[in-house]
Structures are given as C-alpha cells and as structure tokens.
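Remarks on the structure that follows.
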Amino acid sequence: MRRSWLALALVIFAASPPHARAQMYPRATPVPRTTSIPALRALATQREVVERFHLGLDAEVRGDWQPAAAEFERVVALDPPEPQNSTARYDLAIAYANLHRLDDAARQLQAAIARDPGFLAAMANLIAVDLSRGDLRDARAVADRFVASAPDSARALYERGLVALRSGDTATAENDFGRLLHANPAYAVAHYDLGLAQARTNRYASAEREFQLAVDLAPGYARARFALGTVLLREGKRAQARAAFESVASDSASDPALRNLAVAMRDAIKSR
Amino acid sequence: MLAAVIAVCALTFGYGYAGAQSLEAMLDGALVPSAAPALLGPITEGGRVGWACKPEQAAGSGSWQNAELPRP
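Sequences listed follow chains B and H, in order.
The working numbering numbers the first residue of the first sequence as 1 and each following residue consecutively.
The working numbering numbers the first residue of the second sequence as 1001 and each following residue consecutively.
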C-alpha cells in the first residue's frame, strides 16, 4: 500500500511540468536510467544538491547555524539552476545572519535577488540585514525596489518607512506609514512611527494624535507613551505630560533606561 | 542615564535658552524609530512560486500580522 503511494507520487512528480519541478527540492531524486557518463554525473550532482539542501534545512530548524551554512555553501558551489539557486542563497543568508556574518548574508541576498528579481522574501531580509549592519544606502535602494514590486505589502511599507525615518527622509516615512495604516488602522507601531515623523517636522498636534492612538491600541506600549509625554511637554501641556511620564515610570515591564528617563522627566516637571 | 540627569538639571534649575536647547536635543534622542523586523524564516524544500511558501507570503501580505512585523 505504502509502495503504491510512493509510486504514484513519483509518477505525479515525473509528469509535472519542468518549471514546477524546479521550484522544489524533492525528497526523492530521479532514478538513473542511462549509461551516459555525463548524464550520470549530472544526476549525481542533482542528488547532492537536494540532499545537502535538506541537511542544511534540518540544521537551520535545529538552530545549528555553522553546519547549515556549510551545507548551503556547498549547494551554492554546485550552482543549481533557478529557483533552487536563489533559494539556497536565501537560506544560506539566514545562517550567516545568525552567525553575525552580516556582510556575507547581504552578499548572498543580493545575489539571490539578482538571479530572481521578484524574490520578495529576499528583499525583506536584505533590508533587515542592511539595517543591522548600518548600510542605509543599500537598505533604501532595496526598499524602493520592494515597494515597487509589492506596493500593498505591509512589510515593504514598514521597512521603507523605517529606513526613511532613520535616514531623515520624513516625507517618505510619513507617506509609507500612512499607507500602511490605511490598510492596518489598528497597528500601534505604525502610529508611533508616523507620530515620530510628524514630531520631527514640529507638527506636534498631529504627532500627539498618532502617539495617543498608539497607546490607546496598546496601553503597555511604553515608548509610545514616553513620546506622547514629550510632545505634550512641547505643546505646554505639562500636567498631561507628567501623567504620561508617570505612567512609563510606574510600568515595571518597560525598558529600564526609558523608565529612568521617564522618572527624571516626571520629577523635573513636578519640581517646577 | 546621563541624558536623564542633564534633563533634570535643565528643568529643575532652569538653565534658560541654552538649557532648553540641550533638553530638546535629549528628548529628540529618546524618540527612536521602532525596531527592524526579525528575519523571515527559511524556505523549505517546497520551494517558492506556486507553492505554499510562508516567507514569500509574509513578504507580500498586506496585513501587518501576516507580515511578521514587530509588536508594540
């Protein structure tokens, strides 16, 4: 019974179009039906690619990044066709990132995108890697491409908004977080970042509204509450600002550095 | 911590215009953008196009929850 299922699966796999077969790394590789040396060599390479991909994947699932990287490096060296090639590079980049080899991770993701220009997950991860290694220029170039490829993608809008905010482009940040919120009005983090973009251009009333929405949606969001206190202070609303800082200061779950700053701000307002 | 101390000094003792300027700079420094999202996970043997590829679906999703974006 089990053998008949296996036979059926092999028949379906063999009958599937070549482009569909190429999408995956099958568990079973084709049985050699040739005596041609080059053909046998090609089949052996194909089998090694598939088996090493599975070993690499199993290692990544276990969090064994070094063995995972070694397996995917070998797959990449064997130079399989697309999309197996860019998939292996993507998975190799994850192993490198976890080994803190950020430049190597970025190189693999760039190579994956060069091979498959529509590879959205590779763009998403390359931006995250670029942000970690502080390469805002590359992050912005990839983010522009990501948004152009997937204009409604929440991840594309969030990542480009973040890159823009970090590099001082408040207009793009405001536009991207605004678009993200249009589709996701309950996403507190986007309200916070939009408020930040507005505060940086001295539009405190708008920023106050966004920070307030962020804390209404997520009452435990200490950073947004601190930001709210800051804009309230700038607007001269001292009692409300003090209440916001007090709330952050008394929240034991918030970041200790932020809590210390909130305590200082609260006490400073009180003492005047 | 240093920022907190200077902020307290500026507000408590009223350093005037210069103090207010440095206070503003410190408050701006405390207002940092949200965190970068975590990496999307590995792509399995199932492949990408035309298959149930979770990272590709997350990258293209219009919903922030499905996109695996940071939570507050």
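C-beta atoms are modelled at their ideal positions from N, C-alpha and C, and glycine is treated no differently.
Could you tell me the alpha carbon to alpha carbon distance between residue i and residue j, rounded to whole angstroms?
i	j	result
B/R203	H/P1070	25 Å
B/N125	B/D104	13 Å
H/Q1057	B/L180	17 Å
B/L217	B/N184	12 Å
B/R107	B/T170	29 Å
B/V189	B/A111	32 Å
B/R145	B/L157	11 Å
B/L233	B/V142	37 Å
B/H191	B/F177	8 Å
B/V50	B/R140	35 Å
B/A20	B/V76	Residue placement at B/A20 is flagged as unreliable, the pLDDT there being 45, under the threshold of 50; a coordinate-derived value is accordingly withheld.
B/E235	B/A227	12 Å
B/K237	B/G168	27 Å
B/L40	B/N85	21 Å
H/W1064	H/P1037	11 Å
Beta-carbon of residue i versus every beta-carbon of chain C: anything under 8 Å?
i	result
H/A1052	Any reference to chain C falls outside this structure, whose protein chains are B and H.
Ignore the nearest five residues each way along the sequence and tell me which others in residue i's own chain have a CB closer than 7 Å to its CB.
i	result
H/S1034	P1070
B/T45	L78
B/A241	G229, L232, L233 and I269
B/M265	G229 and F245
Please list, in chain order, all residues of the same chain as residue i whose beta carbon is under 8 Å from its beta carbon, the five residues on each side excluded.
i	result
B/V278	With chain B covering 1 to 272 only, the question about residue 278 of chain B has no answer from this structure.
B/V263	F245 and A249
B/E60	A68, D91, I94 and A95
My assumption, with CB atoms under 8 Å, is that residue i sits in contact with residue j. Please give the rounded CB distance.
i	j	result
B/A244	B/G229	3 Å
B/E71	B/R47	Contact doesn't hold; Cβ gap of about 14 Å is too wide.
H/A1067	H/S1061	5 Å
B/G161	B/D135	B/G161 to B/D135, Cβ: 17 Å. No contact.
B/E159	B/I127	4 Å
B/S132	B/L102	6 Å
B/T34	H/G1047	Rounded, the Cβ-Cβ distance is 26 Å, inconsistent with contact.
H/A1059	B/S247	With 8 Å as the limit, H/A1059 and B/S247 do not qualify as a contact, their Cβ atoms being about 36 Å apart.
Cutting at 6 Å between CB atoms, please list the residues of its own chain near residue i, excluding the five before and the five after it.
i	result
B/L120	A150
B/L55	E71
B/P80	V49
*Below 8 Å, can you find three or more Cβ-Cβ pairs linking the region 217-227 of chain B to the region 254-264 of chain B?*
With the cut-off at 8 Å, the region 217-227 of chain B and the region 254-264 of chain B touch.
_Validate contact between the region 88-96 of chain B and the region 63-70 of chain B using beta carbons, cut 8 Å, 3 pairs_ = In short, these stretches touch, since the Cβ pair count reaches three.
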